[in-house]
Amino acid sequence: MKCLFIINPYSGKGKSITLCESLKARIKEIPISCSYTYTEYAQHATALALQASKQGVDVVVVLGGDGTLHEAANGLLQNPDNRTALSVCPVGTGNDFAAAYQLRGQVDSLINRLCHPKYSWQDVIELQDAFGWRTYCVSMCGIGFDAFIAREANIKKKSGRRGKLIYLTAALRAVRRYRPVNIQFHYNGINRTETILSMALGIHKTNGGGLMQCPHAVPDDGFIAVTLIRPLTLPDVLQALPKLFTGKLHTHKKVEVFQTKMIALESSVTVPVETDGEDAGILPVKAIILPGALRVMI
């Protein structure tokens, strides 16, 4: 097996570096050809994973968080002939992708995966904007409130701040500043106009470190799981918050869920979009399901 480890040296406030050194000491015990590369700039993991895919590397393992994993997945998916699998040793803040597959951030767990690999093919959301730019989502895409939080948090990251506190402060800022928006969307032959606080398009059930926004999501069923959240009052928020952790959000009166293979969204105002916690521009966008597009080593 040929394996490339992509390490984000900033993940976990440097914990990824310590983990990598421990891994190097242990990996000598097993018959695997390994190489290690540290990311140096934004989108570097995308370029590294694309190159690995073209070179026939068997598996790319990310030592980092959902952001680095998102970049690496996009690199693999840019190669139409990709057969390289993706895996992760979670070190970052949210780690929702890793949680979906119960992948732990310990060296022993990763060594066991490499010695006894199992694979799963999961769906991917391809997101296209009006100018032909595209990106791929492997966990969840957020529109509106979620994307505002992600954008605020990423600004803090670029200034050198790390940790879960930046997401809390970003969320508090969003509560004060973000307002519901009117959007138009088309799916399953239906045209609709709604005022929303947020909309989530999910492959996996959670984002934000365990918030179950798309409890109806199944990663290999060939559908985008959609959760629409209408404007919430303070009592609504207090009722909805516990449901985010129990998988019952869809039972809230201001929440609607459905499935689709494609959804196109637009708005006359500026509405932010994020994929896997990374900034993905603004509406309009079209989201299309790509069934079984990503091979995951679990």
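In case it helps, the working numbering puts the sequence shown at residues 1052 to 1349.
For glycine and all other residues, C-beta sits at the position ideal for the given N, C-alpha and C.
C-alpha distance - residue i paired with residue j, whole-angstrom precision
i: W1172; j: F1196; result: 30 Å
i: V1142; j: G1240; result: 42 Å
i: I1058; j: T1090; result: 6 Å
i: I1083; j: L1101; result: 20 Å
i: G1065; j: L1055; result: 19 Å
i: N1130; j: F1274; result: 22 Å
i: C1071; j: M1348; result: 19 Å
i: C1188; j: G1259; result: 15 Å
i: K1337; j: C1085; result: 38 Å
i: A1344; j: Y1229; result: 34 Å
i: A1123; j: K1294; result: 32 Å
i: I1247; j: R1185; result: 24 Å
i: T1326; j: G1193; result: 6 Å
i: Y1170; j: A1149; result: 14 Å
i: E1177; j: E1245; result: 23 Å
i: S1190; j: A1076; result: 32 Å
i: I1068; j: A1151; result: 24 Å
i: H1095; j: T1119; result: 9 Å
i: A1251; j: L1154; result: 23 Å
i: A1093; j: I1333; result: 20 Å
i: K1312; j: Q1179; result: 14 Å
i: K1299; j: V1288; result: 14 Å
i: V1232; j: V1269; result: 28 Å
Proximal residues to residue i (C-beta, below 6 Å), its chain only, five neighbours per side dropped
i: C1140; result: L1114, G1156, L1161
i: V1308; result: H1267, T1278, H1301
i: P1335; result: A1181, E1317
i: R1202; result: P1323, D1330
i: S1015; result: Since the displayed the chain opens at 1052 and closes at 1349, residue 1015 lies outside it and no answer follows.
i: L1341; result: V1175, E1177
i: L1099; result: I1057, T1088
i: K1053; result: S1084, V1108, D1109
i: A1315; result: H1237, K1337
i: V1306; result: I1280, L1300
For residue i, three-class secondary structure by DSSP
i: K1053; result: strand
i: E1072; result: helix
i: G1118; result: helix
i: K1304; result: coil
i: E1245; result: strand
i: E1203; result: helix
i: L1262; result: strand
i: G1332; result: strand
i: S1062; result: helix
i: I1275; result: strand
i: A1338; result: strand
i: R1077; result: helix
i: L1345; result: strand
i: A1251; result: strand
Residue i burial status per 10 Å Cβ neighbour count (16 or more: buried)
i: V1226; result: exposed
i: H1121; result: buried
i: H1255; result: buried
i: C1166; result: exposed
i: N1125; result: buried
i: D1271; result: exposed
i: R1164; result: buried
i: I1081; result: exposed
i: I1206; result: exposed
i: A1103; result: buried
i: Q1310; result: buried
i: S1405; result: Given a span of 1052 to 1349 for the chain in the structure shown, any question on residue 1405 remains unanswerable.
i: N1146; result: buried
i: S1062; result: buried
i: L1074; result: buried
i: N1133; result: buried
i: T1321; result: exposed
i: T1257; result: buried
i: G1183; result: exposed
i: G1253; result: buried
i: G1261; result: exposed
i: T1284; result: exposed
Cut-off 8 Å between Cβ atoms - residues of its own chain near residue i, not counting five sequence neighbours on either side
i: T1297; result: M1263
i: T1135; result: A1100, A1103, S1104, G1107, V1108, D1109, V1110, V1111, L1127, R1346
i: R1243; result: Q1235, F1236, H1237
Residues of its chain near residue i, where Cβ-Cβ distance is below 7 Å and the 5 sequence neighbours each way are ignored
i: P1168; result: M1348
i: Q1290; result: H1303
i: C1359; result: Because the chain is modelled from 1052 through 1349, residue 1359 falls outside the range shown and cannot be assessed.
Which complete beta strand (DSSP E) runs does the stretch 1106–1186 hold, if anything under 3 residues is left out? List check, beta strand (DSSP E) in window: 1110–1115, 1136–1141, 1170–1180.
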